[in-house]
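With the sequence shown counted from 1, adding 10 to any position gets you the numbering used here.
All residues carry an ideal CB built from backbone N, CA and C; glycine is no exception.
Encoded as C-alpha cells, the structure appears first; notes follow it.
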Amino acid sequence: MKKLIANKEDTEQVFEIIEALNGKAAYRDFERFMATPAGQAEYAKRIHLPPILDNHEPLHELPEGSVGRTYVEFMEREGLSAAGLVAESEKRPGTLRRHKDDLLWYGNRLRDTHDMYHILTGYGRDALGEATLLGFTHSQHGGLGVSFICFMGGRQIAKRVPREADIPGVIKEGRHNGKTAKRLIEQDIISLLPRPLEEVREELNIKPPVAYYRAHEVMREHGLDPYSDGL
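Spelled out as C-alpha cells, the structure:
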C-alpha cells in the first residue's frame, strides 16, 4: 500500500493488495454472475475483450457521444491500452492465474472492463476518480482488498485538499452509485459500444457523480489541479 500511495500508476501493487485481501470474493462473485441469465449469456460467448477494445479504428467511426467513441478517445488521451492492463496483471502469477478454467475467464473479464467502468460511471483517472471507482466496484463485486484501496486512497487525498471538498462524501456517493446501478459485469459490452453513453447510463441506472465533480470544483477554487500527481 505504501508503494501504491507513492505512485498511483503502480498497477502491480493493486493486484498484489487485492490478491492478499480478497479471499474468496472472486468465487462468490462468479457464482452470482452465473446465477443470472445475462451472466450465462456472456459466459456462453466467452468473448476476449482486449483485442476488440484495442482495435481503435472501428471505435473512432462510431457516433460522437457513443460508449465506444468515448472509450477510445479516453484510452488514447490517457495513453492506455487493454493489452497494457493484461500485461500488468500477468507480471505475477496470482491465485486466479493458476486456474485454467471459467474462474480465470471471469477474473480476466473483471480486469478487462475496468477502463470501461471509468467511461460508464464518469469517474476519471485522477487519484480521487480511481479511489471512488473502486468504491463503486466494491459495491458491485465485493472484495476486502478493493475496499481497502478505496478507503486508503480517499484518506490520503483528504489530507491534501480543502475540507469542503468532502472526500468521504465523494467515496460514499461512489459506493452508493455502485449499489443502485445494474451490475456492469453482466452487460454485453460489445453491444453497448455504438449506443449513446447517456442512454446507457440511464438504462443501467448509473447516477451522475455529483459529489466527485463538486470536489474537483473546490480543488480548482483553491488552486489545486485534481489531476496533479501530488494528489
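**OP:** Only counting runs of 4 or more residues, tell me where the alpha helix (DSSP H) segments fall wholly within the segment 200 to 239, in order along the chain.
**Re:** Counting whole runs of 4 or more residues, the segment 200 to 239 contains the alpha helix (DSSP H) stretches 207 to 213 and 220 to 231.
**OP:** Taking His186 as part of the alpha helix (DSSP H), name the residues at either end of that continuous run.
**Re:** Looking up residue 186 in the sequence shown gives position 176. Where His186 is concerned, the enclosing alpha helix (DSSP H) starts and stops at Ile177 to Thr190.
Subject >> Length-filtered (4 minimum) alpha helix (DSSP H) runs lying within the segment 89 to 171 >> reply: Taking only runs of at least 4 residues, the alpha helix (DSSP H) segments lying wholly in the segment 89 to 171 are 92 to 99, 104 to 107, 112 to 122, 124 to 131, 137 to 151 and 154 to 170.
**OP:** Could you pull out every residue in the same chain whose Cβ sits closer than 6 Å to the Cβ of Ala191, ignoring the five residues on either side in sequence?
**Re:** For the purposes of this step, residue 191 is taken as the residue at position 181 of the sequence shown. These residues qualify, in order along the chain: Leu214, Asn215 and Ile216.
Original post:
How many Å lie between Val4 and Ile28 at the Cα?
Top reply: Given that the chain is displayed from residue 11 to residue 241, the structure contains no residue 4 and the question cannot be resolved.
Subject >> Inter-residue spacing [alpha-carbon to alpha-carbon] between Val82 and Ser91 >> reply: Within the sequence shown, the letter at position 72 stands for residue 82. Within the sequence shown, the letter at position 81 stands for residue 91. Each residue's Cα considered, the two are about 9 Å apart.
Original post:
Quick one: Cα of Leu31 to Cα of Asp39, how far?
Top reply: Walking along the sequence shown from the start, residue 31 turns up at place 21. Walking along the sequence shown from the start, residue 39 turns up at place 29. The alpha-carbon atoms of Leu31 and Asp39 are separated by roughly 15 Å.
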